Structure formats: structure tokens, C-alpha cells
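Residue numbers (the numbering used here), protein chains in the order written: chain A, 2 to 401; chain B, 1102 to 1173. All residues carry an ideal CB built from backbone N, CA and C; glycine is no exception. On a predicted model such as this, the values are computed, not experimentally measured, just so you know. Report on one structure; see the data block that follows.
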Ligand SMILES: Cc1ncc(COP(=O)(O)O)c(C=O)c1O
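Structure representation (C-alpha cells):
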């Protein structure tokens, strides 16, 4: 097993701290990403699609190429149905607020991020009915439990592909079948999996897929959105905002076609140029190779934590059944203390607390204090894992 | 040379058609929409009139959206 990847950027900060917070946002990025953004800004950064001159058209081409690359990676048929926004939160809000009406019923799980739960709570106040299926204490979901909740007014099922807290994978293919069989729309939050695990809208029968550019797709922050499948009628998906699109400027009514209907305002084209470079890097590296590396790191981390007295690990504890995001606590120590000491004394950067997912922590039994989360990324090395394990070991020993 | 233009709703649609034509020997260019065809500020795809029928077939085979093809 290769202990590190030759030529890769370092997972250590200039001061030598180890970055283990890739579940929040990946760092570092492939050097190609920064180079592409710089080049785009210096050569092509006119307003895409707003003007007819060559630089504006060149910018529009880059935006379109990015649409195509996202569609290709995630198995979407039509690049015009890739809707760009700020992040996946934008995309999930569009899918939920844009499609669900008072009287509709929606089914979700108890492992969701607040980017799903908060829009749903708001919709419940507006008359949408919601059922939250409780996951097992390791975060796994029994598909039959979802089917049992289907009612005549059920319109949609929404699930994350992997938990942002403990990495547990949810059975999206099985649930997609349930959605198809019952004539429901299926929305998947792929924030933690796009780029590291295969996700294919067509093969997996996903109707709406949220993605974010800055995590496992290795693009910059400020890009993400929603892929809209063929079963979704654009007439039923209402835009969140109206505004300028560069098209149909003679009309004061919002255009009704993809993607303009849902993309008012100047896009983050510089960010998209970075995402395009990231996707091309991803294609060369290979999703399977990325997964293999992260799975091996995760297995080593899980194994190491299991051997430290006083450490409790949450989730599946099986690298094959989760992403390389590992949640744990040191008995007797508050996660916030662990986080501060990991940072200040050991130079390990991670995220502690509730990770924007209170319901997931209730499921895992870690509410309200939360836990410590190590989020591994493609640029982490086995040395990173060993150094982080040493740090946890020392903290746990001091506590005993 | 006599030209025609493919009118589209969105620059995204224009780039899509440009990419569709790129692997063929058909020459096209994205230009601002001629004023007499639309008051829109958008772009359209300029083509050779002789290629109109071939392009119409290609567009029909793909599901690339477009509004119309106009002789200019
Ligand atoms: C599962 C999941 N969904 C949604 C989000 C929100 O992502 P973003 O902040 O990019 O919108 C995250 C990350 O924070 C996440 O892990």
C-alpha cells in the first residue's frame, strides 16, 4: 500500500497542522483548480451569457462545459438540467420549496443535515406533512421502514447518500425503487458522496440530486446546485428567485426553460471554472481510486480508534459501509475540549459539536454534546492518520 | 456568402448547439442576435444557408432546444 501520493499537495498547513476536516470542505485543492481560476479571471471573466462579445461567449462556454462535466460525472442525461447555485443548500431548497405544496406528504430520515431539515420544518409550518423515519443507532436505514410510511398524499422521499456526521451510507438504490413503485419523486443529498462514490441519476433512478462543489468534488467554495431528472416537470418546479438571466430580456416575466428559469443573477463563473478543472482532475484520478485510498485510510483510522481505551466510535465502524468520515468521543471529555486540545496541542484540525445535524446526533445518541469528527480526504496520508491516532491516544490517556 | 441564424432562448442553448456542430464540418459562430430578429440582448448561432437542412436534421435528432432558424 502506497503510504502517500507522490506529487500531491500537502495535507498539512504551512504551520504543519494536519487537515482532517474534509467533510466540511476539502483542503487542499488540486493545484489545477487554482490555476484554472486564475487563468479564467485573467482571460475570460466577462459576464457569461449576458453580452454577445467573444469574451462573454467564452465565459458562457466554460459555464456550459462545467454543466456537462457535472452531468457526466453524476449520470444526468441533459446538461441543461444542471442548475447551478451557491452550494447544495441552494439546490435542496429549490427542490423542496419548489415542488412541495401544502397538503403534500414528504418522507425523510433521522440522519439528515439541516440543509434538508430546516427547509422541511419551514414547509411543515406552511402545511406540508413530514414523516421522519428513525434510523438505527449506527445511522443505517431499513428501506422497508420507508415504504411503510407511504400514504396517498406522499409526493417525495428525500435522503442523504451518506451522513455528514459519521459517514454511514443510506440505501439509496433500494429506496429509489420504492419511490418508483409508488410514483414518488426521489431527492438525494449527495454532498458527502459525489466524487468519491459512484452516483448515477439514471442508473440509480434518482429524480433530483443535490451536489456541492467544494467537498468531495474538490472545487472551490461557492458552487453547487441541483440536477433535475426527466420525471420532474419544470412547470411544477418553481424558481426560488426571479431576475436577470441574459435571455428574453424583452420580457419582465421569468423565463420558463432550463436552466435560466432557476439561475437568475450573475453566476460564480470563476468558481465554476475551478470546478471544471476539479472535475477533470477527478476524471484522471478516478473515483474508484479515490474511494480505494480513502477507504484504506478510514479502515486504518477505525482500527486505531478501536484500540484506544476510553474512545467510543459512532456509525457502522466498517470502512466499506461508510465514507471516510469518522465520529467518536473520548469518554469523560467534552467534544469541544477535545477539539481545542487537538488543535492547540497536537495540530489536528477537525470539527466537533453537532455538525448542523441535531437529528443525526439524536439517532447516534450523541445529542446535545455532539462528538468529534475526522473527515479524511484524498490528500490525507497514512502518516496523517497515525499522527492523529497518537494525538487521540495521548488525550485519552491523560483523561484516565 | 449568405447566412442564416439559429435563434435560441438562452446562451446555454447556444453553446450546446455549438458543441453539437463542433465535431462536424459545419462552420458556425456565436454572434449577438441581429436587431431586426429580436430585441433580446442574447446570442444566436450564425450558419451558412447551404447547411440549413443538414443542421435542421441534426437538431431534430438531438434534443437540443432552439426557437427557429432564420435567413438573414
Ligand atoms: C449531507 C450534507 N448535506 C448538505 C450540506 C450542506 O452543504 P453546503 O454548505 O455546501 O450547502 C452538507 C455539508 O455541510 C452535508 O454534509
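Pairing residue 324 (chain A) with residue 193 (chain A) gives a Cβ-Cβ distance under 8 Å. Per the Cβ contact rule, the stretch 265–281 of chain A is in contact with the stretch 37–48 of chain A (3 or more Cβ pairs under 8 Å). Taking 8 Å as the upper bound for CB-CB distance, residue 84 (chain A) and residue 219 (chain A) are not in contact here, some 21 Å apart. For residue 1132 (chain B), the closest Cβ of chain A is nearer than 8 Å. Between residue 327 (chain A) and residue 306 (chain A), the C-beta gap is smaller than 8 Å, which places the two residues in contact. In the DSSP annotation of this structure, residue 134 (chain A) is not part of any alpha helix (DSSP H); the continuous beta strand (DSSP E) holding it starts and ends at 130–134. Here the alpha carbons of residue 378 (chain A) and residue 191 (chain A) stand approximately 16 Å from one another.
Contact annotation: residue 209 (chain A) and residue 185 (chain A) have beta-carbon atoms that are not nearer than 8 Å. Where residue 347 (chain A) is concerned, the enclosing alpha helix (DSSP H) starts and stops at 336–347.
Take residue 399 (chain A), set aside five residues on each side of it, and no residue of its chain has a beta-carbon closer than 8 Å to its own. In this structure, the C-beta of residue 98 (chain A) stays at least 7 Å away from each heavy atom of ligand 1. If you ignore the 5 residues before and after residue 101 (chain A), its C-beta comes within less than 8 Å of the C-beta of 107, 124, 129, 156 and 157, all in its own chain and listed in chain order. The stretch 92–99 of chain A makes contact with the stretch 239–246 of chain A; the number of CB pairs closer than 8 Å reaches 3 or more.
Excluding sequence positions up to five before and after residue 54 (chain A), its CB lies within less than 8 Å of the CB of 47, all in the same chain and listed in chain order. For residue 1166 (chain B), the residues of chain A that pass the 9 Å Cβ criterion are 81, 258 and 259, in the order they occur in the chain. Under the DSSP assignment, residue 173 (chain A) falls in the alpha helix (DSSP H) whose first and last residues are 173–182.
Residue 190 (chain A) has its CB nearer than 7 Å to a heavy atom of ligand 1.
Annotation: the continuous beta strand (DSSP E) that includes residue 190 (chain A) extends over 186–190. Annotation: the continuous alpha helix (DSSP H) that includes residue 89 (chain A) extends over 89–100. DSSP, read as helix, strand or coil, puts residue 106 (chain A) in strand.
Secondary structure of residue 69 (chain A) (DSSP, three-state): helix.
Shown here for residue 34 (chain A): same chain residues with a beta carbon closer than 6 Å to its own, the five before and five after excluded, namely 275, 278 and 279 in chain order.
Interface residue (Cβ-Cβ distance to chain A less than 8 Å): residue 1117 (chain B) is classified as such. Under the DSSP assignment, residue 328 (chain A) falls in the beta strand (DSSP E) whose first and last residues are 326–331. Beta-bridge partners of residue 315 (chain A) (DSSP): A:328. With respect to chain B, the C-beta atom of residue 249 (chain A) has a partner C-beta closer than 8 Å.
Listed in chain order, the positions of the stretch 45–59 of chain A with a beta carbon within less than 9 Å of a beta carbon of chain B are 49, 50, 51, 52, 53, 54, 55, 57 and 58.
Residues of chain A with a Cβ closer than 7 Å to the Cβ of residue 1144 (chain B) are, in chain order, 53 and 58. Apart from sequence neighbours up to five positions away, the residues of its chain that approach residue 1115 (chain B) with a beta-carbon distance below 6 Å are 1109, 1131, 1144 and 1146, ordered along the chain.
Nearest CB-CB separation between residue 370 (chain A) and chain B: not below the 8 Å threshold.
Selection A:225, A:256, A:313 and A:348 evaluated against residue 18 (chain A) yields A:348 as nearest (Cα-Cα). Per DSSP, residue 360 (chain A) has no beta bridge partner at all. The beta carbon of residue 1112 (chain B) sits closer than 8 Å to some beta carbon of chain A. Take residue 314 (chain A), set aside five residues on each side of it, and the residues of its chain with a beta-carbon closer than 8 Å to its own are 303, 306, 307, 327, 328 and 329, in chain order. The residue among A:225, A:253, A:385 and A:310 with its C-alpha nearest the C-alpha of residue 91 (chain A) is A:225. Nearest to residue 148 (chain A) by alpha-carbon distance, out of A:127, A:170, A:139 and A:110, is A:110.
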